[in-house]
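Novice: Note that the protein sequences, when read in sequence, are chains V and S. First residue of the first sequence: 56, per this note's numbering; consecutive thereafter. First residue of the second sequence: 297, per this note's numbering; consecutive thereafter. First, the structure itself, so that you have it in front of you.
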Amino acid sequence: MADKTFEQALVELESLVKELENGEIDLNEAVKKYNEGMKLSKYCHDLLKDAEGVIVKMMKDDEEVDF
Amino acid sequence: MDEKKYLTVAALTKYIKYKFDNDAHLKNVLLKGEISNFKHHSRGHFYFTLKDESAQISAIMFASNASRIKFVPSDGMTVLVEGDISVFESRGSYQIYVNKMSEEGLGDLYLAYEQLKKKLSSEGLFDESHKIRIPRFPSTIAVLTSPTGAAVHDIINIVNRRYPLAKIIVYPTLVQGENAKDSIVKQLRLANKQKLADVIILGRGGGSIEDLWPFNEEKVAYEIYNSKIPIISSVGHEVDFTISDFVADLRAPTPSGAAEIAVPDQLDLLSYLEQLKNQSKISLKRLLETKKETLKNLESSFVFRDPLRLTENKSQQLDHLIEKLELLNPLNRLNQSKLALNVEIKKLNDYYQRYLLRKHNDFTFLVNKLELLNPLSIMSKGYSVAKQNGKVIKGIEDVAINDKIEILLHNGTLDAIITNKRKDEK
């Protein structure tokens, strides 16, 4: 999971929730998906909480330099 | 040692003001110019700039005069004013104090703007169908603006506060003056070539219509239109609409607004995550309840209360199936086919018999007919055939008196001589 972007993890989480809501799912599968969803949610949460701030660069002569 | 006399700024300014106020040429000046930077102050005064191609002058019209004019002045309008020139001491600037103002017609820049807007609109540059969707979670944002302006800092602050996962690349861009349009075009091309960003914010803070003009340039409009990366345009203030705003995939009222549109807010995201978690919990709980309910229903089913009924039912079903199976037994089907075949064979036999009988009857009829025609059978009834030299005699002229002839009877031949000929009387 560690290499997932916020967007990838969130989109995955959204589709898990949709599957769970649909209800046409085996109970075992549902519990598995629920646990997976909780992990994804925590991962997204941590990404935001641990973010150290936006990286700002400037394009100078085709190269990124500190702004 | 010289004692230099130093003037105070106030004293100098007072002197300059005195010079202005006592110059007859600066009283009741009639002036024509285009309005820009128009501001209608809450106390009713108008503050604006009057300008033409090469110069500009600050202008003020106090509420007492301003309330008398019949039109709503706005940027780009060319107006005729009457007023006095004087100095505003606390700012050290001269300005025209307008007493009267009338409209002369729309300014050239405004006309140019309207014409270009019409042209580009008809070419489809503003079409909604061409607009690219702004990504939900941009990872890199290209900011095309002046690296020293307030706009870039506003954008950085807001992105940082809302979505610190993003990265910003500032593409230093001239956003006013003669070279601005080329700079904007160049940086848009570079950002598209490098493809580092998934959204572009193009813009600048507020300014006069001239300051914002690069964003009304045709080549800038085409470059925005051709960008493969979605562009959020944010030029000037809420009230300023530029051509760039219309061509861009999205228009934001200000650069800060653009940053807010470009990225989601982490607070919203955190509560959204919370909501997703809750939905999962509720869904799982509901699923469990449904399964429990199903189990309860099953347990209370007659199958468990009265298991015999299950077998009864089943045995009835079995009977039914056996019946069905019987029908489907291949032997049965073979027998059925045999029966059908027999019927066909019998049919064929009957037909053949009838055919034989008919043919037999036909044959007997023909044999009888043939019998009747047999000369021998006629002669047996007493008829005879007369011949001379093997040739049948058909009439009396075939023979002469004393000719020798043969008479054929059914059991032998008589030789005879013609003694007389008598022709039948008719």
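Yeah, the Cβ is synthetic: ideal placement off N, Cα and C, and Gly gets one too. Given the structure is predicted, the values throughout are model-derived calculations rather than measurements.
If you run the structure through DSSP and keep just helix, strand and coil, what is residue 350 of chain S?
Specialist: Coil.
Novice: Under the criterion of a Cβ to heavy atom distance below 8 Å, does residue 363 of chain S qualify as lining the ligand MG?
Specialist: This structure lacks the ligand MG, and indeed carries no ligand of any kind.
Novice: For the stretch 531-576 of chain S, which segments carrying the alpha helix (DSSP H) assignment without a break, of at least 4 residues, lie completely within its bounds, in sequence order?
Specialist: Complete alpha helix (DSSP H) runs here, min 4: 539-543, 551-558.
Novice: Indicate whether at least one CB of chain V lies closer than 9 Å to the CB of residue 467 of chain S.
Specialist: Output row for residue 467 of chain S: interface = yes.
Novice: Quick one: residues in its chain with C-beta nearer than 6 Å to the C-beta of residue 442 of chain S, no 5 flanking neighbours on either side, listed in chain order?
Specialist: Same-chain partners within the cutoff: 471.
Novice: Residue 713 of chain S to residue 655 of chain S, Cα distance in whole Å?
Specialist: If you take the alpha carbons of residue 713 of chain S and residue 655 of chain S, they lie about 50 Å apart.
Novice: Using a 10 Å radius around the Cβ and a threshold of 16 neighbouring Cβ atoms, would you call residue 484 of chain S buried or exposed?
Specialist: Residue 484 of chain S is buried by the Cβ-count criterion.
Novice: Quick one: grab the DSSP three-state call for residue 471 of chain S.
Specialist: Residue state, collapsed to three classes: coil.
Novice: Within the same chain, show all residues whose beta-carbon is closer than 8 Å to that of residue 672 of chain S, passing over the 5 residues directly before and after it, in chain order.
Specialist: For residue 672 of chain S, where only same-chain residues beyond five positions count, the Cβ hits under 8 Å are 706.
Novice: Beta-carbon of residue 113 of chain V versus every beta-carbon of chain S: anything under 9 Å?
Specialist: It does; some Cβ of chain S falls within 9 Å.
Novice: Please list the segments of the beta strand (DSSP E) lying wholly inside the stretch 378-410 of chain S, counting only runs of 3 or more residues, in order along the chain.
Specialist: Listed in chain order, the complete beta strand (DSSP E) runs (minimum 3 residues) inside the stretch 378-410 of chain S are 389-402.
Novice: Name, please, each residue of chain V whose Cβ falls closer than 7 Å to the Cβ of residue 587 of chain S.
Specialist: What residue 587 of chain S touches in chain V: 82.
Novice: Give the residues of chain V in contact with residue 456 of chain S, contact being defined as C-beta atoms less than 7 Å apart.
Specialist: Within 7 Å Cβ-Cβ: 108, 109.
Novice: Cβ of residue 523 of chain S less than 9 Å from any chain V Cβ?
Specialist: Residue 523 of chain S does not count as touching chain V.
Novice: Where does residue 562 of chain S land, buried or exposed, given buried means 16+ other C-beta within 10 angstroms?
Specialist: It counts as buried.
Novice: Quick check: what's the CA-CA separation for residue 779 of chain S versus residue 680 of chain S?
Specialist: Only positions 297 to 722 of chain S appear in this structure, which leaves residue 779 of chain S out of reach.
Novice: Are the CB atoms of residue 469 of chain S and residue 492 of chain S within a distance shorter than 9 Å?
Specialist: Cβ distance not < 9 Å, so residue 492 of chain S and residue 469 of chain S don't count as in contact.
Novice: Report the residues of the stretch 435-463 of chain S with a CB closer than 7 Å to any CB of chain V, ordered along the chain.
Specialist: For the stretch 435-463 of chain S, which is checked against every Cβ of chain V, the residues closer than 7 Å are 435, 443, 452, 455, 456, 460, 461, 462, 463.
Novice: Ends of the alpha helix (DSSP H) at residue 97 of chain V?
Specialist: That run of the alpha helix (DSSP H) goes 82-105.
Novice: Relative to the alpha-carbon of residue 510 of chain S, which residue among S:497, S:473, S:535, S:486 has its alpha-carbon at the smallest distance?
Specialist: Of S:497, S:473, S:535, S:486, the residue nearest in Cα terms is S:473.
Novice: Please return the same chain residues whose Cβ sits closer than 6 Å to the Cβ of residue 367 of chain S, not counting the five positions on each side in sequence.
Specialist: Cβ neighbours of residue 367 of chain S beyond the five flanking positions: 399.
Novice: With 9 Å set as the bound, which would you pick, yes or no: does the beta-carbon of residue 579 of chain S sit closer than that to a beta-carbon of chain V?
Specialist: Residue 579 of chain S counts as touching chain V.
Novice: Counting contacts by CB-CB distance shorter than 9 Å, is residue 117 of chain V in contact with chain S?
Specialist: So, interface residue.
Novice: With DSSP as the reference, please indicate the residues paired to residue 112 of chain V in a beta bridge.
Specialist: Answer is V:121, S:465.
Novice: So for residue 281 of chain S, helix, strand or coil by DSSP?
Specialist: Not covered by the structure: residue 281 of chain S. The range shown for chain S is 297 to 722.
Novice: Just reading off the alpha helix (DSSP H) that residue 642 of chain S is part of, what are its end residues?
Specialist: Here the alpha helix (DSSP H) through residue 642 of chain S covers 626-669.
Novice: If you draw a straight line from the C-alpha of residue 452 of chain S to the C-alpha of residue 112 of chain V, how long is it?
Specialist: Using only the alpha carbons, I get a separation of about 11 Å.
Novice: Pull up the CB-CB distance for residue 504 of chain S and residue 332 of chain S, whole angstroms please, since I reckon it's below 8 Å.
Specialist: The pair is a contact, with the Cβ atoms about 4 Å apart (cut-off 8 Å).
Novice: Taking three-plus beta-carbon pairs below 8 Å as touching, is the stretch 312-324 of chain S in contact with the stretch 603-612 of chain S?
Specialist: Verdict: no, contact absent.
Novice: Give the straight-line distance between the Cα atoms of residue 588 of chain S and residue 595 of chain S, rounded to the nearest whole angstrom.
Specialist: One C-alpha to the other measures close to 10 Å.
Novice: Closer than 9 Å, CB to CB, is residue 93 of chain V near chain S or not?
Specialist: With 9 Å as the cut-off, residue 93 of chain V counts as an interface residue toward chain S.
Novice: Classify residue 626 of chain S as buried or exposed, calling it buried when 16 or more other Cβ atoms lie within 10 Å of its own Cβ.
Specialist: By the 10 Å Cβ count, residue 626 of chain S comes out exposed.
Novice: Taking DSSP as the reference, what is the three-state secondary structure of residue 704 of chain S?
Specialist: Of the three classes helix, strand and coil, the one that applies to residue 704 of chain S here is strand, per DSSP.
Novice: In the stretch 533-559 of chain S, which residues sit with their C-beta less than 7 Å from some C-beta in chain V, listed in chain order?
Specialist: Under the 7 Å Cβ criterion, the stretch 533-559 of chain S contributes no residue.
Novice: Closer than 8 Å by beta-carbon distance: list the chain S residues that pair up with residue 57 of chain V, in chain order.
Specialist: Per Cβ cutoff of 8 Å: no residues; residue 57 of chain V is ~15 Å from chain S at best.
Novice: For residue 76 of chain V, return the contacting residues in chain C, with the cut-off set at a CB-CB distance below 7 Å.
Specialist: Absent from the structure: chain C. Protein chains present are V and S.
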